[in-house]
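This report refers to the structure that appears directly beneath it.
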Amino acid sequence: MEIFFAICAVLVISLQILLIWLLLHSKTGRIPELLKRMQHEEQKLRKEQSAQTNETIELSMKMVSDHISQNQTQTRETTAVQLRQFEERIQGLESANARAMSMLRETVSQQMDQLRTQNDKRLEEIRKTVDENLQEHLETKMNESFRRVTESLEAVYRGLGEMKTLAADVGGLKRVLSNVKTRGTLGEIQLSGILQEILAPEQYEENVETVPGSGKRVEFAIKLPTDHGKPVYLPIDSKFPADCYMQLLDAQESGDRQAIETAQAALRQRILGFAKDIHNKYLHEPETTAFGIMFLPFEGLYSEVVRSGLTELLQQKYSVNVAGPSTMAAMLNALYMGFRTLAIQKQSDQVWQILSGVKEEFGKFEDALNGTRKKLDAAGKELDQLVGVRTRAINKKLAEIGSDLPLAAGSDSSRIYD
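The structure is reproduced here in structure tokens:
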């Protein structure tokens with residue numbers, strides 16, 4: 085096909101070259117005729133070329149179609165062969181799998197039978213061992229349990245004896261708390277222990293008559309220092325309404341609301357009465373502070389008073405502060421820090437007085453130094469005058485004496501002078 089196109093192109097080029105040559109060598113009158121002939125030849129050549137091209141294309145299409153048909157036939161045949169081979173392979177694999185599965189089932193069945201037999205033997209051995217161990221373990225545990233039960237019963241018997249002793253002690257404690265004097269002594273002892281632990285002995289007193297001539301003595305009074313030297317007392321009195329507090333605890337344990345409210349009201353009245361006594365008996369300015377402290381020896385009692393809101397009422401109405409064991413310790417620590425601050429302030433005043441005296445002595449010392457310096461200056465001037473004027477006069481006299489002596493004697497005199 086490509087060779088045919090090349091031949092046609094060469095012919096066209098040859099005709100064009102021939103046409104140009106004829107134009108150059110022929111006469112002018114024959115040129116149109118030659119052109120017509122050349123055009124006719126060219127058209128003829130083009131028709132032949134087109135016909136040959138069509139024939140070539142048809143031939144090529146036929147060849148391609150035949151080739152495609154042949155390839156499709158070969159592909160169908162190859163595919164059919166491969167499918168038959170694939171089916172044969174699948175059938176072979178299925179047969180092999182069936183044989184393998186059959187063999188596997190037989191093997192598994194045999195192994196399961198063996199495992200079942202072995203498990204039966206092992207279970208029988210384990211059962212025998214467990215029976216033997218269980219029998220021994222049960223006997224051991226039974227003996228141990230009997231021993232523990234025996235020990236527990238002995239402990240219960242001992243506990244019952246201790247409970248009887250504790251009940252007797254509780255009864256004794258109730259008898260102690262039922263005695264008013266004993267209750268007061270209990271609170272007084274606890275308050276004394278707190279004071280001794282925090283304050284120095286010279287910072288408080290016991291059984292103090294805070295109101296002169298009243299004959300009423302408060303259990304404890306803290307000595308607050310003043311500028312004029314005489315201390316001001318802070319009264320502290322311990323109170324313990326044991327009967328009211330015990331009734332309240334019993335009512336709370338029983339859960340009877342009416343009994344609880346009754347016990348709370350009774351405790352409130354008792355606390356108000358205590359605060360009134362402290363205010364009327366122990367507070368007297370300027371010998372005492374404007375307020376006193378009521379000490380309650382149990383935290384539960386103090387918490388009940390705080391919960392009921394009595395603390396603000398006692399402060400406003402009777403100038404009495406309520407304190408439990410922990411709050412009492414906090415108050416005393418605050419007072420102790422105040423004492424230390426006052427002591428430091430007092431020592432600071434003494435230091436300032438000493439520094440003032442030292443300053444005055446330094447002034448006197450400065451005056452003495454100035455006088456001494458003036459005297460030293462005058463002595464220096466007199467010494468300069470003595471050394472200068474008097475020395476020159478002495479040298480002059482000695483020179484006059486030397487001029488009157490013989491030469492040898494003068495030489496000796498000069499040597500001696502030098």
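Position one of the sequence shown corresponds to residue 85 (the working numbering), numbered consecutively onward.
Ideal Cβ placement from N, Cα and C applies to all residues, glycine included.
- With contact defined as three or more Cβ pairs closer than 8 Å, the segment 341 to 354 and the segment 225 to 244 are not in contact.
- Counting the other Cβ atoms within 10 Å of the Cβ of Gly408 gives 16 or more, which makes it buried.
- CA-CA distance, Thr137 to Ile152, rounds to 22 Å.
- When Gly297, Lys365, Phe358 are compared, the shortest CA-CA separation from Ala374 is found for Lys365.
- DSSP places Ala407 in the strand class (E or B) of the three-state scheme.
- Bridge partners of Gly376 according to DSSP: Val404.
- A distance below 7 Å between beta-carbons, with the five flanking residues on each side excluded, links Thr395 to the following residues of its chain, in chain order: Val389, Val406.
- Here Asp321 carries a strand assignment [DSSP, helix/strand/coil].
- A Cβ-Cβ separation of about 7 Å places Leu380 in contact with Phe324 under the 8 Å criterion.
- Around the beta carbon of Phe358, 16 or more other beta carbons sit within 10 angstroms, so the residue counts as buried.
- Per DSSP, the beta bridge partners of Leu308 are Val316.
- In the structure shown, Glu293 falls within a coil segment according to DSSP collapsed to helix, strand and coil.
- Taking C-beta atoms as the reference points, Ser403 and Leu367 count as a pair closer than 9 Å.
- When the alpha-carbon of Pro309 is set against those of Ser392, Thr372, Gly339, Gln336, the nearest one is in Thr372.
- Ranking Glu190, Ser387, Ser322, His221 by CA distance to the CA of Glu272 puts Ser322 first.
- When Phe382, Pro370, Glu337, Lys300 are compared, the shortest CA-CA separation from His312 is found for Pro370.
- Between the alpha carbons of Ala413 and Ser387 lies a gap of roughly 16 Å.
- When secondary structure is reduced to three states using DSSP, Glu220 falls in the helix class.
- Residue Met378 holds the alpha-carbon nearest to the alpha-carbon of Lys360 among Thr191, Ile282, Met378, Gln133.
- As the crow flies, the alpha-carbon of Leu222 is around 25 Å from that of Lys205.
- Membership of Ser392 in any alpha helix (DSSP H) is not indicated, and neither H nor E is assigned to it by DSSP.
- With respect to the C-alpha of Ala326, the residue from Lys120, Glu228, Gln166, Leu385 having the closest C-alpha is Leu385.
- In the DSSP annotation of this structure, Leu283 is not part of any alpha helix (DSSP H), being labelled neither H nor E.
- Between Leu419 and Leu318, the C-beta spacing is below 9 Å.
- A direct Cα-to-Cα measurement between Gln195 and Arg183 gives close to 18 Å.
- Inter-residue distance for Gln331 and Gly297 is about 38 Å (C-alpha atoms, whole angstroms).
- Leaving aside the five residues that flank Glu289 on each side, the residues in its chain whose CB is nearer than 8 Å to its CB run, in chain order, Phe304, Ala305, Lys307, Tyr317.
- In this structure, the CA atom of Gly393 is about 15 Å from the CA atom of Glu345.
- At least 9 Å separates the beta-carbon of Ala343 from that of Cys328.
- Looking at the backbone, the Cα of Glu216 and that of Gln202 are separated by about 21 Å.
- Non-local C-beta neighbours of Val295 in its own chain, meaning closer than 6 Å and more than five positions away in sequence, comprise His368, ordered along the chain.
- Under the DSSP assignment, Asp340 falls outside any alpha helix (DSSP H); it carries neither an H nor an E label.
- As the crow flies, the alpha-carbon of Arg231 is around 59 Å from that of Arg189.
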